[in-house]
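Asks: What follows is a single structure, and I will ask about it in a moment.
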Amino acid sequence: MPWDPAIYLQFGAERSRPAADLLARVPNEKPARVVDLGCGPGNSTALLTACWPEARVTGVDSSVEMIEAANAANVDAEFVVGDFESWEPAAAPDVIYANAAFQWSPDPVALVRRMFAHLAPGGVLAFQVPQNFDQPSHVVMREVATNGPWAEKLDGARWYDPGGFARGPDYARALQRARRDIWTTDYLHILKGPDPVFRWMAGTGLRPFLDRLEGGEREAFEDEVMTRFAAAYPLEKDGSTFFPFRRLFVVAARN
Ligand SMILES: C[S@@+](CC[C@H](N)C(=O)[O-])C[C@H]1O[C@@H](n2cnc3c(N)ncnc32)[C@H](O)[C@@H]1O
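Using the numbering used here, the first residue of the sequence shown is number 306, and each one after it goes up by one.
Printed below as a string of structure tokens:
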């Protein structure tokens, strides 16, 4: 199942908020070259072009669907299909930015080390990655995936475990030569409508599981995940659902 920009952007405001919070801490005032890695449908790239209208901004994403959506979004940037694992800049960027993207790498710590090395002198690497892999949203997915009749098909659909994901100190060590600004923020998203956590996850973390299932089996998997999400994230009296979400921010500047 390819990325679906429309599903992803159902929660566009919540997903773009950390992109803005990350950008606010980037110290470079007049970068010439800016790259948005894992740019998705261009929502994060639009913030970069608004902040630096004179910069040459490039968005890179491995999903053809996302790049098509970005091109249609009327953002003043160049968008290219590319894999950040093998990506190399034609000229050293002043800002390499990645919002909610590097967690898809099998080794994000090695990735950020490589990205930092691509920067121009005085350049800045800024990225944000979720830190919620130990939360019910992810625990439920993994439990349902490993305990149902689909267990074999879903084996290996996800490459990190709840305790094994990289945290602030891992990135701080990897970027030892940089001036580092590293913090986490706990957002409390207040979501509306039916099954909001399921709809949120179907746009991101659930995709590797849903990709491998079809027909009745996929429906049964979805039903079980939905039921368990509803128990873990109950409805408030006003019909909204609280969805706590921790994110890690790293801004690393080259001297
Ligand atoms: C959660 S979206 C983030 C989109 C946007 N940056 C934002 O702030 O909302 C993650 C994006 O990373 C892209 N992605 C995942 N792995 C990638 C890779 N190896 N190379 C390039 N893009 C990748 C996905 O296609 C997806 O569009």
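In this text, a Cβ means the ideal position worked out from N, Cα and C, and glycines have one as well.
So Ile487 packs on Gly473, CB below 8 Å; how close in whole Å?
Replies: Numbered from its first residue, the sequence shown carries residue 487 at position 182. Numbered from its first residue, the sequence shown carries residue 473 at position 168. Sure, about 5 Å apart at Cβ, within 8 Å.
Asks: Among all the DSSP beta bridges, which residues are the ones paired with Gly387?
Replies: Taking the sequence shown and counting its residues from 1, the one referred to as residue 387 is at position 82. DSSP lists no partner for Gly387.
Asks: Which residue from Gln315, Leu430, Asp366 puts its Cα closest to that of Asn560?
Replies: Taking the sequence shown and counting its residues from 1, the one referred to as residue 560 is at position 255. Proximity to Asn560 across Gln315, Leu430, Asp366 peaks at Leu430, based on C-alpha coordinates.
Asks: Cβ of Gly347 versus every heavy atom of ligand 1: is any distance shorter than 6 Å?
Replies: Residue 347 sits at position 42 when you count from the first residue of the sequence shown. Outside the cutoff, so no.
Asks: Along the chain, where does the beta strand (DSSP E) containing Trp488 start, and where does it finish?
Replies: By one-based count along the sequence shown, residue 488 stands at place 183. That run of the beta strand (DSSP E) goes 484-496.
Asks: So which of Trp409, Glu383, Ala377 has the shortest CA-CA distance to Phe389?
Replies: On the sequence shown, position 84 is the one that residue 389 refers to. Ranking the options by Cα distance to Phe389, first place goes to Trp409.
Asks: State the Cα-Cα distance for the pair Phe421 and Trp357, rounded to the nearest angstrom.
Replies: In the sequence shown, the residue the question calls residue 421 occupies position 116. In the sequence shown, the residue the question calls residue 357 occupies position 52. So the alpha carbons of these two residues sit roughly 21 Å apart.
Asks: On the DSSP bridge assignment, give the partners of Gln433 in chain order.
Replies: Position 128 of the sequence shown, counted from the start, is the residue given in the question as residue 433. In the DSSP output, where bridge partners are listed per residue, Gln433 has Asn404, Phe554.
Asks: Using the C-alpha atoms, what's the distance from Phe384 back to Arg330?
Replies: Your numbering for residue 330 matches position 25 in the sequence shown. Your numbering for residue 384 matches position 79 in the sequence shown. One C-alpha to the other measures close to 24 Å.
Asks: Can you give, in chain order, each stretch of the beta strand (DSSP E) that sits fully within the segment 351-377 and has at least 3 residues?
Replies: The segment 351-377 contains these whole beta strand (DSSP E) runs: 361-366.
Asks: Among Asp516, Phe554, Arg504, whose alpha-carbon lies nearest the alpha-carbon of Arg477?
Replies: Counting from 1 along the sequence shown, the entry for residue 477 is found at position 172. A small correction: the amino acid at residue 477 is Ala; Arg does not occupy that position in the sequence shown. The candidate whose alpha carbon is nearest that of Ala477 is Phe554.
Asks: Using CA atoms only, rank isn't needed, just tell me which of Pro499, Gly364, Arg551, Ala450 is closest to Ala525.
Replies: Here residue 525 corresponds to residue number 220 of the sequence shown, with the count starting at 1. For the residues Pro499, Gly364, Arg551, Ala450, the minimum Cα distance to Ala525 belongs to Ala450.
Asks: When the Cα of Val556 is compared with those of Pro332, Pro499, Leu342, which residue comes out closest?
Replies: Locating residue 556 in the sequence shown gives position 251, where the first residue counts as 1. Of the candidates Pro332, Pro499, Leu342, the one whose C-alpha sits nearest the C-alpha of Val556 is Pro332.
Asks: Which residues in the same chain as Ser321 place their Cβ atom closer than 6 Å to its Cβ, once the five residues preceding and following it in sequence are excluded?
Replies: Indexing the sequence shown from 1 puts residue 321 at position 16. Closer than 6 Å at Cβ, skipping near neighbours: Asn348.
Asks: Going by the CB atoms, is the gap between Phe550 and Asn404 shorter than 7 Å?
Replies: Start at 1 with the first residue of the sequence shown, and residue 404 comes out as number 99. Start at 1 with the first residue of the sequence shown, and residue 550 comes out as number 245. Result no, Cβ atoms of Asn404 and Phe550 do not sit closer than 7 Å.
Asks: My assumption, with CB atoms under 8 Å, is that Trp455 sits in contact with Glu370. Please give the rounded CB distance.
Replies: Position 150 of the sequence shown holds residue 455. Position 65 of the sequence shown holds residue 370. In fact, because the Cβ distance is near 25 Å, the residues do not count as touching under 8 Å.
Asks: Quick one: give me the first and last residue of the alpha helix (DSSP H) that Val331 is part of.
Replies: Taking the first residue of the sequence shown as 1, we reach residue 331 at position 26. Counting along the chain, Val331 falls outside any alpha helix (DSSP H), and DSSP gives it neither H nor E.
Asks: Is the beta carbon of Ser442 less than 7 Å from the beta carbon of Met506?
Replies: Locating residue 442 in the sequence shown gives position 137, where the first residue counts as 1. Locating residue 506 in the sequence shown gives position 201, where the first residue counts as 1. Contact flag set, yes.
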